[in-house]
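First the structure, in the form of structure tokens, and then the observations on it.
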């Protein structure tokens, strides 16, 4: 059997028996343009069940993924693709009712010396590796699925991902682009954030908040998102904000701008630093914050 | 007009009218249900700084337990569901036991009440008591099968924690912790004992949704 085929088989761990609520799962390695890697955990909820986005909404739990990597490699935070946004039994749900691919960026630690692993086929691959994920799946009740995968090598078996794992689509769902690249700005105006940017031909724009400790976003009663308006090719969303993020060293405001209505339509990750870190206001009474940093 | 055609026409008109008559109440019911669902969110009367909603619930032995029984003491309410993996994790990893121990170290008189509003457990009151005992948590479990108390407090998740000050006012509403090292309940008990304002007084609770009766 060709070596490549053996390596490919090892790289994609055969999924164990599916836990309740999860129809199937698999882990695969992808190259990221620019030289990094990403582990993609594909999760297929059982029909009628759902799993969650980073902010699950009114209840639920975001997945946790732990990677054991060879010395010299580190994993970044999970990149969540565009979620489904819905009211579910009168509660806000941000999650996935169909297949989702959670992306964990992996990179060589700057300055790390030597080959990543003696067992690796190439010093540029993060191998051997193992993954342990805890993914909550819910229907009328919830279960916490423990998903594992491992391999002796990490050959890329999936499509290359964009630089920074930002933008584009994966598995039919868009990956959040950066605010800077998407031309999206956010400014704090009294009791709200005003988010604006190009609509890229889409007629709908809305905002869902990140799960930022201390941040309070007022959603319209019975609605899971703050709807915006689109005119002359640009969108505008006014997000009533009761309180900013509690950690002065962390973001003041964060969330996801969703353009269009389909899973593959663009979305933009917005992260706004605290006003103390922002440049001075452009005019009195408002703080002009820079485009959301990522 | 041909009599048969007249009868047919009348029949058609009658059928359409009946359809409209049935449709209108259904549409009205849809609107009413939507409005009721919206209203449900505002059923919660618990507000920070205001008297905590009074209640009387049965414990797992069938005995009545009222919030008023603990007047003059700090009371911690935690909503639980033995079926919720988040709730179970907090119990099994010792977080709840530590929360109780740390709170009692600050105020030995603090009272912990664990409330189960899971509708399908209403007829199995012992299950909540067994759940606490299995996790070596010595506290009272109360059964809120019809969810009235949960809704009065606005309990959304399991766990969802409330701290009632010794004067009976609601001092904290929200998550058990920051998913890290800060337990909000212990912080609230400490602030109350020291006569300081509880901050944060509200946080977003996380966990499984409370399984209220629909």
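Chains as they are written, first to last, in the numbering used here: chain W, 3 to 296; chain Y, 92 to 305. Using N, Cα and C, we set each Cβ at its ideal position, and we do this for glycine too.
- Message: Quick check on residue 223(Y): does DSSP put it in helix, strand or coil?
- Response: helix
- Message: Please classify residue 140(Y) as buried or exposed, where buried requires at least 16 neighbouring CB atoms within 10 angstroms.
- Response: Of the residues assessed, residue 140(Y) falls on the exposed side of the cut-off, its CB having fewer than 16 other CB atoms within 10 angstroms.
- How do the region 263-276 of chain Y and the region 175-191 of chain Y stand: do at least 3 beta-carbon pairs fall below 8 Å, yes or no? yes
- Which residues DSSP lists as bridging residue 140(W), in chain order: Partner(s): 52(W) and 144(W).
- Message: Pop quiz: residue 158(Y) and residue 166(Y) are said to be a contact at Cβ under 8 Å. What is the actual Cβ separation, rounded to whole angstroms?
- Response: Indeed they touch by this definition, with Cβ atoms about 7 Å apart.
- Query: At a cut of 8 Å, does the region 179-194 of chain W reach the region 226-246 of chain W through at least three beta carbon pairs?
  - Reply: yes
- List in chain order: all unbroken alpha helix (DSSP H) runs of 4+ residues lying wholly within the region 140-219 of chain Y. Those alpha helix (DSSP H) runs which fall completely within the region 140-219 of chain Y and span 4+ residues are 176-183 and 186-197.
- Message: Counting only C-beta atoms, is residue 298(Y) closer than 8 Å to chain W at any point?
- Response: yes
- Leaving out five residues on either side along the sequence, give the residues of the same chain with a beta carbon under 7 Å from the beta carbon of residue 123(Y). The predicted position of residue 123(Y) is uncertain, since its pLDDT is 39 and thus under 50; no value can be drawn from it.
- Task: Taking residue 269(Y) as the query, report the chain W residues whose CB atoms sit under 8 Å from its CB, ordered along the chain.
- Result: 215
- Query: Does the count of Cβ pairs from the region 146-158 of chain W and the region 19-36 of chain W closer than 8 Å reach three?
  - Reply: yes
- Chain-ordered chain Y contacts of residue 45(W) [CB-CB under 9 Å]: None at all; the shortest Cβ gap to chain Y is about 16 Å.
- May I have the straight-line CA-CA distance separating residue 162(W) from residue 103(W), to the nearest angstrom? 14 Å
- Item | Buried/exposed call for residue 199(Y), threshold 16 Cβ in 10 Å | exposed
- Cutoff 6 Å; reference residue 114(W); Cβ partners in own chain excluding five residues on either side: 74
- Buried or exposed: where does residue 66(W) fall if 16 or more other Cβ atoms within 10 Å of its Cβ makes it buried? exposed
- Following the continuous beta strand (DSSP E) through residue 271(W), name the residue where it begins and the one where it ends. 269-275
- Item | Start and end residues, beta strand (DSSP E) containing residue 241(Y) | First-last for residue 241(Y): 239-244, but that is the alpha helix (DSSP H), not the beta strand (DSSP E).
- Task: Answer with yes or no whether the minimum CB distance from residue 132(Y) to chain W is below 8 Å.
- Result: Low per-residue confidence applies at residue 132(Y): pLDDT is 46, beneath 50, and the placement is therefore not dependable enough to give any value.
- Query: Just how far apart, CA to CA, sit residue 56(W) and residue 213(W)?
  - Reply: 7 Å
- Item | Beta carbon proximity, residue 143(W) to chain Y, threshold 8 Å | yes
- Message: Quick check on the burial criterion: 16 or more other C-beta atoms within 10 angstroms. Buried or exposed for residue 63(W)?
- Response: buried
- Message: Does residue 276(Y) come out as helix, strand or coil in the three-state DSSP assignment?
- Response: The DSSP-derived three-state label of residue 276(Y) is helix.
- Message: Ignoring anything shorter than 3 residues, give me the beta strand (DSSP E) runs that lie fully in the region 181-245 of chain W, in order along the chain.
- Response: 187-191, 194-200, 207-211, 231-233 and 236-245
- Between the beta-carbon of residue 135(W) and the beta-carbon of residue 43(W), is there less than 8 Å? yes
- Task: Determine the DSSP secondary structure at residue 77(W), reduced to helix, strand or coil.
- Result: strand
- Where do the ends of the beta strand (DSSP E) carrying residue 65(Y) lie? This structure does not reach residue 65(Y), given that chain Y is present from 92 up to 305, and the question cannot be answered.
- Message: Need the endpoints of the beta strand (DSSP E) that residue 255(W) sits in, please.
- Response: 253-261
- Message: To the nearest angstrom, how far is the alpha carbon of residue 256(W) from that of residue 219(W)?
- Response: Using only the alpha carbons, I get a separation of about 10 Å.
- With 16 other Cβ atoms within 10 Å as the buried cut-off, status of residue 169(Y): buried
- is_contact[residue 63(W), chain Y] using C-beta, thresh 8 Å: yes
- Query: Quick one: which chain Y residues come within Cβ less than 7 Å of residue 193(W)?
  - Reply: Neighbours of residue 193(W) across chain Y, judged by C-beta separation under 7 Å, do not exist; the nearest C-beta is about 17 Å away.
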